[in-house]
Amino acid sequence: MPGDVPDLQSLHLHTMRHSLGAVTHAKVAFIPHDALLDLINFSTAIAAVLWRDTLINAAIACEWMIGMGRRNAYQRIAHLFCELYLRLEAVGIAADYRCPLPLTQIDLSDALGLTSVHVNRVLKELRGSGLITLKSSTLEIGSWEALTRACEFDPIYLHLAKRPTD
508 MPGDVPDLQS LHLHTMRHSL GAVTHAKVAF IPHDALLDLI NFSTAIAAVL WRDTLINAAI
568 ACEWMIGMGR RNAYQRIAHL FCELYLRLEA VGIAADYRCP LPLTQIDLSD ALGLTSVHVN
628 RVLKELRGSG LITLKSSTLE IGSWEALTRA CEFDPIYLHL AKRPTD
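Its first residue numbered 508, the sequence shown is counted upward by one per residue in the working numbering.
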């Protein structure tokens with residue numbers, strides 16, 4: 508996600524059991540741990556921002572774990588679309604209920620613990636109900652209110668300043 512600072516926990520937990528990848532062209536900056544520690548020691552305000560970012564990432568991970576256990580496929584996909592839209596809107600990449608969605612059905616199935624066949628069926632259902640349109644790697648949300656209601660989406664875990672309304 509543009510603007511994200513991934514894996515801040517690696518500052519203290521030196522072995523990570525995952526990797527990072529980008530599905531689109533990305534610019535990445537690597538900041539050595541020593542430089543980051545110096546910055547944190549220099550500025551408590553920066554330390555607080557980085558700590559907040561880590562806590563929000565933990566809240567997102569918690570929401571995803573809840574979703575894997577409690578949401579059906581339809582709700583998982585709808586929830587992901589709601590989250591992606593809000594996060595992209597927050598960094599100025601989404602507006603008017605449209606956002607880039609460069610993910611394939613295989614990417615979606617991997618992220619959501621579903622088969623690509625099941626993802627395909629659910630996407631057809633979401634399109635058929637008028638909740639979404641997918642065209643040219645762009646997601647358009649037909650009704651924000653209906654989509655959020657369908658998956659019981661509550662964006663509080665994202666800790667964003669504003670929420671869209673219909």
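Beta carbons are placed, not taken as given, at the ideal position from N, Cα and C, and that holds for glycine.
In three-state DSSP terms, what is Leu646?
Three-state DSSP puts Leu646 in a strand.
Using the Cβ count rule (16 or more neighbours within 10 Å means buried), how would you classify Val556?
Looking at its Cβ environment, which holds fewer than 16 other Cβ atoms inside 10 Å, Val556 is exposed.
My output table needs one value for Thr622: the three-state DSSP class, helix, strand or coil.
If DSSP states are grouped into helix, strand and coil, Thr622 belongs with coil.
When you compare the CB positions of Gly649 and Thr655, do they come within less than 9 Å of one another, or not?
No. Outside cutoff.
Between which two residues does the beta strand (DSSP E) harbouring Arg605 extend?
Arg605 to Pro607 is the span of the beta strand (DSSP E), which, as asked, contains Arg605.
For Cys569, is the classification buried or exposed, using 16 other Cβ atoms within 10 angstroms of its Cβ as the cut-off for buried?
It is exposed - the Cβ of Cys569 has fewer than 16 other Cβ atoms within 10 Å.
Between which two residues does the alpha helix (DSSP H) carrying Thr561 extend?
Unbroken alpha helix (DSSP H) run through Thr561: Thr551 to Arg577.
In whole angstroms, what is the alpha-carbon distance linking Val629 and Glu647?
Going by the C-alpha atoms only, they are around 16 Å apart.
Roughly how many whole angstroms lie between the Cα atoms of Asp673 and Asp603?
Model confidence at Asp673 stands at a pLDDT of 44, short of 50, so the residue's coordinates are unreliable and nothing is read from them.
Is the stretch 657-666 in contact with the stretch 566-586, if contact means three or more CB pairs nearer than 8 Å?
The stretch 657-666 is in contact with the stretch 566-586.
Counting only the same chain and skipping the five closest in sequence on each side, list residues whose C-beta sits under 6 Å from that of Ala597.
Correct list, in chain order: Leu667.
Leu546 by DSSP, collapsed to three states: which one?
The answer is helix: DSSP assigns Leu546 an H, G or I state.
Which stretch, first to last residue, makes up the alpha helix (DSSP H) that contains Arg594?
Here the alpha helix (DSSP H) through Arg594 covers Ala580 to Ala597.
Just how far apart, CA to CA, sit Leu515 and Phe549?
Roughly 17 Å separates the two Cα atoms.
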